[in-house]
Amino acid sequence: CAFQVRFLEKVLRSFQSITVFQDVDSAYMNKVELVAKVDSLTDEINFLRALYEEELAQMQTQVSNTSVVLSMDNNRDLDLDGIIAEVKAQYEEIANRSRAEAESWYQTKYEELQVTAGRHGDDLRNTKHEISELTRIVQRLRNEIDNVKRQCANLQAAIAEAEERGELALKDAQGKLAELEDALQKAKGDLARQLREYQELMNVKLALDIEIATYRKLLEGEESRWVKCGSGVCVGGGSGLGMGGGLCVGGSNFSSGSGRSIGGLSLGGGSGSSVKFVSTTSSTKRSYKS
1 CAFQVRFLEK
11 VLRSFQSITV
21 FQDVDSAYMN
31 KVELVAKVDS
41 LTDEINFLRA
51 LYEEELAQMQ
61 TQVSNTSVVL
71 SMDNNRDLDL
81 DGIIAEVKAQ
91 YEEIANRSRA
101 EAESWYQTKY
111 EELQVTAGRH
121 GDDLRNTKHE
131 ISELTRIVQR
141 LRNEIDNVKR
151 QCANLQAAIA
161 EAEERGELAL
171 KDAQGKLAEL
181 EDALQKAKGD
191 LARQLREYQE
201 LMNVKLALDI
211 EIATYRKLLE
221 GEESRWVKCG
231 SGVCVGGGSG
241 LGMGGGLCVG
251 GSNFSSGSGR
261 SIGGLSLGGG
271 SGSSVKFVST
281 TSSTKRSYKS
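Numbering-wise (the UniProt record's numbering), the sequence shown opens with residue 1 and increments by one.
Here you go:
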């Protein structure tokens with residue numbers, strides 16, 4: 001989470017750097033405009049200086065080329081030298097006044113242009129300073145962007161490696177799951193087979209229990225008949241009974257046999273008995289042979 005926060009902060013700074021770049025472009029455009037204004041003002045100063053010099057030269061030429069037409073008068077009292085000096089003084093005064101006005105206007109314009117140029121020069125220096133600051137900021141942001149790019153590349157490589165490991169782990173898990181499913185199916189088959197065998201064995205046991213109960217009843221009946229024999233009386237007879245695997249009961253002989261086969265398991269049993277009764281008035285003798 002902390003890395004994501006840092007990453008988002010760096011992305012936000014990158015977006016802010018776009019605004020900085022726009023400010024840099026705007027400052028650069030202002031610089032270009034100011035440089036153009038300075039060049040225009042310099043050209044204007046040069047033009048005004050040339051114009052002033054041209055007007056001054058023309059005025060001096062006019063003053064030097066001024067010709068005074070004097071009417072000759074034979075009056076000997078006319079002071080020509082005074083008149084010429086007066087006219088010359090007037091023209092010189094006009095020329096001096098024009099020169100002073102031109103110099104004053106030129107000086108005023110020159111001072112105004114110097115003030116304007118100084119102001120634009122200050123703006124230009126401030127703009128250069130801002131551009132240098134923005135250049136340092138841009139360089140720092142570029143370094144940060146390079147670091148973020150490297151971190152992104154490292155993260156992408158780590159993600160790719162993790163995805164590869166995850167795919168291998170997933171394939172391994174899927175293989176183990178398939179093996180477990182096969183084993184489970186096999187175990188289910190074995191369990192079903194064992195359940196069938198168990199059910200068959202239970203059926204055999206039930207049948208044997210029934211046979212044993214039947215044999216017990218028959219034996220109890222025979223014993224009751226034996227007890228009734230007395231005083232030299234001998235009861236004999238023959239009878240046969242077959243059940244299941246086989247049972248034969250008769251007279252003085254008793255035999256039984258049975259057999260079961262379940263799958264690969266076979267159960268079988270057989271027995272033979274010979275019973276002989278001798279009864280007297282005082283004792284009873286029983287003999288079993290097997």
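A virtual CB, placed ideally from N, CA and C, is assigned to each residue, including glycine.
Span separating the alpha-carbon of residue i from that of residue j
i, j, result
"GLY118", "ASN96", "32 Å"
"ALA169", "GLN194", "36 Å"
"ILE159", "ASN143", "24 Å"
"GLN199", "ILE210", "16 Å"
"TYR91", "HIS129", "55 Å"
"LYS171", "ALA183", "18 Å"
"LYS109", "GLU55", "16 Å"
"CYS152", "LEU41", "52 Å"
"ALA213", "LEU206", "10 Å"
"ALA162", "ILE145", "25 Å"
"ARG150", "GLU179", "43 Å"
"LEU219", "VAL204", "22 Å"
"GLU133", "ASN147", "21 Å"
"LYS88", "THR127", "56 Å"
"GLN114", "LYS37", "13 Å"
"GLU164", "ALA157", "10 Å"
"LEU177", "GLU197", "29 Å"
"PHE277", "LEU208", "With a pLDDT of 37 at PHE277, under the threshold of 50, the predicted position of this residue should be treated as unreliable, though the coordinate-derived value follows. Each residue's Cα considered, the two are about 29 Å apart."
"THR116", "ARG140", "36 Å"
"GLY166", "THR135", "45 Å"
"TYR215", "ARG225", "15 Å"
"ARG286", "MET202", "Annotation note: pLDDT 39 at ARG286 (below 50); position unreliable, coordinate value reported separately. Computed Cα separation, rounded: 36 Å."
"GLY189", "GLY175", "21 Å"
"GLU181", "ALA192", "16 Å"
8 Å contact criterion, which residue i and residue j should meet: CB distance rounded
i, j, result
"MET59", "SER98", "6 Å"
"TYR28", "ILE137", "Not a contact, Cβ separation roughly 14 Å."
C-beta atoms of residue i and residue j nearer than 8 Å
i, j, result
"TYR52", "ALA100", "no"
"LEU155", "LYS31", "no"
Residue nearest to residue i in terms of C-alpha spacing, selected from the options
i, options, result
"ASN46", "ASN30, TYR28, TYR106 and THR61", "TYR106"
"SER104", "ARG49, THR116, LEU134 and ALA162", "ARG49"
"ILE94", "GLU181, GLN62, MET29 and THR214", "GLN62"
"VAL35", "ARG165, HIS120 and GLU86", "HIS120"
"GLU44", "GLY221, ILE84, GLU112 and LEU191", "GLU112"
Residue-level contact to chain B via CB, residue i, 8 Å cutoff
i, result
"GLU211", "Of the protein chains in the structure, only one exists, and it is not chain B."
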